[in-house]
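Participant:
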Amino acid sequence: MEHLSEEKKEVLIQKANDIRKSIIKMLVEAKSGHTAGPLGMSDIFSYLYFHSLKHDPENPKMEDRDRLILSNGHICPVLYATLAHAGYFELEELQTLRKFGSRLQGHPHREFLDCLENSSGPLGSGISQAVGMALADRIDRGDKTIYCLTGDGELNEGQNWEAIMHAAKYKLDNLILIVDRNYIQIDGFTEDVMPLDPLVNKFESFNFKVIDINGHDFDMIDGAIRKAKNTLNMPTVIIANNIPSKGVPEWENKPEWHGKAPSIEEGEMALRELSKISN
Amino acid sequence: MINKELKLNPNIWSEDVEKIAIRTGFGEGLLIAADDDESVVGLCADLTDSTKMRSFADKYPKRFIQVGVAEQNLASVASGMAAMGKIPFITSYAMFSPGRNWEQIRTTICYNNVPVKIAGSHAGVSVGPDGGTHQAIEDMALMRVVPRMVVISPCDSIEARKATIAAAKTTDPTYIRLARNNTPVITTDDTPFEIGKAHIVYDEEGAADVAIIATGHLVYNAILAAKELEERGMKVIVCNMSTIKPLDINMINELVKDSGALVTVEEHQVLGGMGSAIAEYVTSHNPVPIEFIGVKDEFGQSGTPEELVEHYELGVSHIIEAAEKVVSRK
Numbered sequence: 003m004e005h006l007s008e009e010k011k012e013v014l015i016q017k018a019n020d021i022r023k024s025i026i027k028m029l030v031e032a033k034s035g036h037t038a039g040p041l042g043m044s045d046i047f048s049y050l051y052f053h054s055l056k057h058d059p060e061n062p063k064m065e066d067r068d069r070l071i072l073s074n075g076h077i078c079p080v081l082y083a084t085l086a087h088a089g090y091f092e093l094e095e096l097q098t099l100r101k102f103g104s105r106l107q108g109h110p111h112r113e114f115l116d117c118l119e120n121s122s123g124p125l126g127s128g129i130s131q132a133v134g135m136a137l138a139d140r141i142d143r144g145d146k147t148i149y150c151l152t153g154d155g156e157l158n159e160g161q162n163w164e165a166i167m168h169a170a171k172y173k174l175d176n177l178i179l180i181v182d183r184n185y186i187q188i189d190g191f192t193e194d195v196m197p198l199d200p201l202v203n204k205f206e207s208f209n210f211k212v213i214d215i216n217g218h219d220f221d222m223i224d225g226a227i228r229k230a231k232n233t234l235n236m237p238t239v240i241i242a243n244n245i246p247s248k249g250v251p252e253w254e255n256k257p258e259w260h261g262k263a264p265s266i267e268e269g270e271m272a273l274r275e276l277s278k279i280s281n
Numbered sequence: 007m008i009n010k011e012l013k014l015n016p017n018i019w020s021e022d023v024e025k026i027a028i029r030t031g032f033g034e035g036l037l038i039a040a041d042d043d044e045s046v047v048g049l050c051a052d053l054t055d056s057t058k059m060r061s062f063a064d065k066y067p068k069r070f071i072q073v074g075v076a077e078q079n080l081a082s083v084a085s086g087m088a089a090m091g092k093i094p095f096i097t098s099y100a101m102f103s104p105g106r107n108w109e110q111i112r113t114t115i116c117y118n119n120v121p122v123k124i125a126g127s128h129a130g131v132s133v134g135p136d137g138g139t140h141q142a143i144e145d146m147a148l149m150r151v152v153p154r155m156v157v158i159s160p161c162d163s164i165e166a167r168k169a170t171i172a173a174a175k176t177t178d179p180t181y182i183r184l185a186r187n188n189t190p191v192i193t194t195d196d197t198p199f200e201i202g203k204a205h206i207v208y209d210e211e212g213a214a215d216v217a218i219i220a221t222g223h224l225v226y227n228a229i230l231a232a233k234e235l236e237e238r239g240m241k242v243i244v245c246n247m248s249t250i251k252p253l254d255i256n257m258i259n260e261l262v263k264d265s266g267a268l269v270t271v272e273e274h275q276v277l278g279g280m281g282s283a284i285a286e287y288v289t290s291h292n293p294v295p296i297e298f299i300g301v302k303d304e305f306g307q308s309g310t311p312e313e314l315v316e317h318y319e320l321g322v323s324h325i326i327e328a329a330e331k332v333v334s335r336k
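Written out as structure tokens, the structure reads:
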């Protein structure tokens, strides 16, 4: 993995901003979908697809690519937008999100869009699938990194903890879990709906290497991924403390933006906000 | 009379007909499939011995994954392994897999379209003393409603072995239904088996009065019932429907044409099971009267397998009664 230079960091910041703008545009057009999570995860997606992931948009099925499992499928606008910006398909296609016949299903379906590694939506099963991939790659003596992105509200699901125990038992150091710790879920704040804190201690007690970061700081993201890749004999979780709806101050940290799309006017306002950050 | 072409067990009429558990055949088949293909892996949720995965686990420890008592994780880990080119077999009791992990099977296996093979052991009330919580009698219904899932219900241990070997060679998500108890060996190594193909195990020359379509170990009861019905002057065909999905439509058409009346026999709820699948097809193509042998919207309970088969009206006398009734309805 190349060194994260200041110049490259600027590129990643710009990409993240482009991704956010695409998210707003596609959600306004779709008239439904999730806003807060995608905006909050844009920096991490920018880093992964434009810096750390081994992948090739020209050859999506490249055998030795890294695998990225999105567990919380409802944040797929950020995945779709990132894939388009990375060159997997044209940006115009983003405007088909959630429409009949679109490859961009409301929740990701890999049969519609074959560059996806998995279909998801029902919460809590992504870590298990990533564990399966990590186990298979170990059997094959591969050197892939298996990334799994999950929400925090999603960790209410018991299956995650089955998978977390499993990953630790098998010492899956080829697995990097990234939790979108944004403290919101559909019904409100995570700590009101079903408290998760102290999340760091929970993962530590499950024998994970835990790295707690600000998910909008590219130096911290870079440091965490490097540390995770250098960790041996245990899986790593990066707890990315993210601001839901990051980039649109009016919507930040507001649970009501978890599961709704902006209106045309709200979308225009958001795009103006994002243009202040960069063009 | 027994269909000689199928080369069934010659001791089938003997009182001491050999009895082997259907799950045993799965264990043998898994080992053969694993010997043949190194992409075969096995995952178990803390029931390695009783689901007969032990000999595979001992021979191929690196290809065996012990998941612990976590059936949801079991299904989705297998999905991930399958996405990387493995052919995973997952085992637990049918009550827990596919019982507890139905959504994970639907989404991460079938919706994802990956070749995971689910072996659900201890299906049916004949699990016996463990009681109703451990007797899966809804599993075929759960599995056959999921798009892409192939559902196989072998009649004996030999057929289970063949079904397992055959399942390892397909790219379809597949459910193989297994039973705990020792049950009569109906087939032999030479009996043909193919996924999606039913066989007439007991035949008549010319037209019959009734066709009994059975699945699982109750095929044996169906054969015994046919013999007795024949002695009473009724002409009976018995079909072993070892694949529930996809149904062998050609066979059903033939049976309907040859007999004009059907009895379906399964150790499963009548609701949603093999009988339902057959009725769905027959009523929309060539309707004939059907009687359904199966559990009638009830839970299981403790008892010996024999007591329970009798209590839930799955025995030879019940099949005879149903055959006589359905003929009277023609």
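For the record, the sequence lines run as chains L and Z. The numbering of the first sequence is this note's numbering, which starts it at 3 and goes up by one. The numbering of the second sequence is this note's numbering, which starts it at 7 and goes up by one. We treat Cβ as the ideally placed atom computed from N, Cα and C, and that holds for glycine.
(1) To the nearest angstrom, how far is the alpha carbon of Z:SER132 from that of L:GLY75?
(2) Once DSSP output is grouped into helix, strand and coil, what is the label at Z:THR289?
(3) Straight-line CA distance for L:ASN281 to L:GLU9?
(4) Determine the chain L residues that contact Z:ILE111 at a beta-carbon separation under 7 angstroms, and present them in chain order.
(5) Starting from L:VAL181, find everything on chain Z with Cβ-Cβ shorter than 9 angstroms and list it in chain order.
(6) Taking only the alpha-carbon atoms, compute the straight-line gap between L:ASP139 and Z:HIS317 and give it to the nearest angstrom.
(7) Measuring alpha carbon to alpha carbon, tell me which residue in L:HIS5, L:GLU275, L:ASN120 and L:GLY160 is nearest L:CYS150.
(8) Mind pulling the chain L residues with CB within less than 8 angstroms of Z:GLN78?
(9) Roughly how many angstroms lie between the CA atoms of L:CYS175 and L:PHE205, to the nearest whole one?
(10) Short check: CB of Z:SER127 to CB of Z:LEU80, under 8 angstroms?
(11) Cβ of Z:PRO311 within 7 angstroms of any heavy atom in the ligand GTP?
(12) Considering L:GLN161, what are the terminal residues of the alpha helix (DSSP H) in which it resides?
(13) So within the region 213-263 of chain L, which uninterrupted beta strand (DSSP E) runs reach at least 3 residues, ignoring any that extend past its ends?
(14) Run through the region 181-262 of chain Z for me and flag every whole alpha helix (DSSP H) of 4 or more residues, listed as ranges in chain order.
(15) Pull out every residue of the region 109-122 of chain L whose Cβ sits closer than 8 angstroms to any Cβ of chain Z, in chain order.
(16) Please report the straight-line C-alpha distance between L:SER122 and L:PRO79, rounded to a whole angstrom.
(17) With a 10 Å radius around its C-beta and 16 neighbouring C-beta atoms as the bar for buried, classify Z:SER282 as buried or exposed.
(18) Is it the case that the region 90-103 of chain L contacts the region 75-92 of chain Z, given that we only count it when at least three CB pairs across the two stretches are under 8 angstroms?
(19) Chain L beta carbons: is any one of them nearer than 8 angstroms to that of Z:ARG69?
(20) Give the straight-line distance between the Cα atoms of L:GLY249 and L:ALA38, rounded to the nearest whole angstrom.
(21) Using three-state DSSP, classify Z:CYS116 as helix, strand or coil.
(22) Using the DSSP secondary-structure output, state which residues sit across from L:ASP2 in a beta bridge.
(23) How would you list, in chain order, the residues of chain Z whose beta-carbon sits under 8 angstroms from the beta-carbon of L:LEU157?
(24) Report the three-state DSSP secondary structure of L:LYS278 (helix, strand or coil).
(25) For L:GLY225, which residues in chain Z fall below 7 angstroms Cβ to Cβ?
(26) Quick one: what's got a C-beta closer than 6 angstroms to L:LEU106's C-beta in the same chain, skipping five residues either side?
(27) Strictly below 8 angstroms CB to CB, what residues from chain Z border L:MET135?
(28) Note down, in chain order, all residues in the region 75-88 of chain L with a beta-carbon under 8 angstroms from any beta-carbon belonging to chain Z.
(29) So what does DSSP say about L:LEU93, is it helix, strand or coil?
(30) Check whether chain Z comes within 8 angstroms of L:ALA138, counting only Cβ atoms and requiring the distance to be less than that.
(31) Tell me the DSSP bridge mates of Z:GLN275?
(32) Using a Cβ-Cβ cut-off of 7 angstroms (strictly less than) and excluding sequence neighbours within five positions of Z:THR177, which residues of its own chain qualify?
(33) Please check the pair Z:MET90 and L:MET135, which I expect to be a contact at CB under 8 angstroms, by giving their CB distance rounded to whole angstroms.
(34) Taking the C-alpha atoms as reference points, what is the distance between Z:PRO153 and Z:ALA172?
(35) Helix or strand or just coil, what does DSSP make of Z:ILE143?
(36) Under 8 angstroms between the Cβ atoms of Z:GLY306 and Z:GLY31?
Facilitator: The short version:
(1) Counted from its first residue, the second sequence places residue 132 of chain Z at position 126. Counted from its first residue, the first sequence places residue 75 of chain L at position 73. Approximately 41 angstroms between the Cα atoms of the pair.
(2) Translated into positions along the second sequence, residue 289 of chain Z becomes position 283. Of the three classes helix, strand and coil, the one that applies to Z:THR289 here is helix, per DSSP.
(3) Start at 1 with the first residue of the first sequence, and residue 281 of chain L comes out as number 279. Start at 1 with the first residue of the first sequence, and residue 9 of chain L comes out as number 7. Residue confidence is low: L:ASN281 scores 45 on pLDDT, short of 50, so the model does not pin down where it sits. Its coordinate-derived value is still stated next. Taking the straight line from one Cα to the other gives about 16 angstroms.
(4) The count along the second sequence starts at 1 and reaches residue 111 of chain Z at position 105. Those within 7 angstroms of Z:ILE111 in chain L number zero; the least Cβ separation is about 10 angstroms.
(5) Here residue 181 of chain L corresponds to residue number 179 of the first sequence, with the count starting at 1. Neighbours of L:VAL181 on chain Z: none; closest Cβ ~18 angstroms, over 9 angstroms.
(6) On the first sequence, position 137 is the one that residue 139 of chain L refers to. On the second sequence, position 311 is the one that residue 317 of chain Z refers to. Going by the C-alpha atoms only, they are around 50 angstroms apart.
(7) Position 148 of the first sequence holds residue 150 of chain L. The residue with the shortest Cα to Cα distance from L:CYS150 is L:ASN120.
(8) In the second sequence, residue 78 of chain Z corresponds to position 72, counting from 1. Those within 8 angstroms of Z:GLN78 in chain L are GLY126, SER127, SER130, GLY160, GLN161 and GLU164.
(9) As a position in the first sequence, residue 175 of chain L is number 173, starting the count at 1. As a position in the first sequence, residue 205 of chain L is number 203, starting the count at 1. Reading off the sequence, residue 175 of chain L comes out as Asp, not Cys. Between L:ASP175 and L:PHE205, the C-alpha separation is close to 15 angstroms.
(10) Start at 1 with the first residue of the second sequence, and residue 127 of chain Z comes out as number 121. Start at 1 with the first residue of the second sequence, and residue 80 of chain Z comes out as number 74. Not closer than 8 angstroms, so no.
(11) With respect to small molecules bound, the structure shown includes none, and the ligand GTP cannot be examined in it.
(12) Here residue 161 of chain L refers to the residue found at position 159 when the first sequence is read from its first residue. Where L:GLN161 is concerned, the enclosing alpha helix (DSSP H) stretches over 160-171.
(13) 238-243
(14) If only complete runs of 4 or more residues are kept, the region 181-262 of chain Z shows the alpha helix (DSSP H) at 224-237, in order along the chain.
(15) HIS111, ARG112, GLU113, GLU119, ASN120, SER121 and SER122
(16) Along the first sequence, read from residue 1 onward, the residue named residue 122 of chain L stands at position 120. Along the first sequence, read from residue 1 onward, the residue named residue 79 of chain L stands at position 77. Cα-Cα distance, rounded: 13 angstroms.
(17) Here residue 282 of chain Z refers to the residue found at position 276 when the second sequence is read from its first residue. Classification of Z:SER282: buried, given that the 10 Å Cβ count is 16 or more.
(18) no
(19) Within the second sequence, residue 69 of chain Z is the residue found at index 63, counting from 1. True, the Cβ-Cβ gap to chain L drops below 8 angstroms.
(20) Locating residue 249 of chain L in the first sequence gives position 247, counting from the first residue. Locating residue 38 of chain L in the first sequence gives position 36, counting from the first residue. When rounded, the distance between both Cα atoms is 10 angstroms.
(21) Along the second sequence, read from residue 1 onward, the residue named residue 116 of chain Z stands at position 110. In this structure, Z:CYS116 counts as helix in the three-state DSSP scheme.
(22) No answer is possible for residue 2 of chain L: it lies beyond the span of chain L, which begins at 3 and ends at 281.
(23) In the first sequence, the residue the question calls residue 157 of chain L occupies position 155. Residues of chain Z passing the Cβ test: none, with the nearest at roughly 14 angstroms.
(24) One-based indexing of the first sequence puts residue 278 of chain L at position 276. Helix at L:LYS278.
(25) Within the first sequence, numbered from 1, the residue matching residue 225 of chain L stands at position 223. Those within 7 angstroms of L:GLY225 in chain Z number zero; the least Cβ separation is about 28 angstroms.
(26) In the first sequence, residue 106 of chain L corresponds to position 104, counting from 1. Hits under 6 angstroms: TYR82, THR98 and LEU99.
(27) Stepping through the first sequence from its first residue, residue 135 of chain L is reached at position 133. What L:MET135 touches in chain Z: GLY86, MET87, ALA89 and MET90.
(28) Correct list: empty, as no residue qualifies.
(29) Translated into the one-based positions of the first sequence, residue 93 of chain L becomes position 91. It is helical.
(30) The residue you call residue 138 of chain L lines up with position 136 of the first sequence. Yes, L:ALA138 lies at the interface with chain Z (some Cβ there is under 8 angstroms from its Cβ).
(31) Start at 1 with the first residue of the second sequence, and residue 275 of chain Z comes out as number 269. DSSP output for Z:GLN275 lists Z:VAL301 as bridge partner(s).
(32) Within the second sequence, residue 177 of chain Z is the residue found at index 171, counting from 1. Hits under 7 angstroms: PRO121.
(33) Position 84 of the second sequence holds residue 90 of chain Z. Position 133 of the first sequence holds residue 135 of chain L. Yes, Z:MET90 and L:MET135 are in contact; Cβ-Cβ is about 5 angstroms, under 8 angstroms.
(34) Reading the second sequence from its first residue, position 147 is the one you call residue 153 of chain Z. Reading the second sequence from its first residue, position 166 is the one you call residue 172 of chain Z. About 20 angstroms.
(35) If you number the second sequence from 1, residue 143 of chain Z lands on position 137. Coil at Z:ILE143, not helix or strand.
(36) As a working note, residue 306 of chain Z is residue 300 in the second sequence. As a working note, residue 31 of chain Z is residue 25 in the second sequence. Their beta carbons are not under 8 angstroms apart, which means Z:GLY306 does not touch Z:GLY31 by this criterion.
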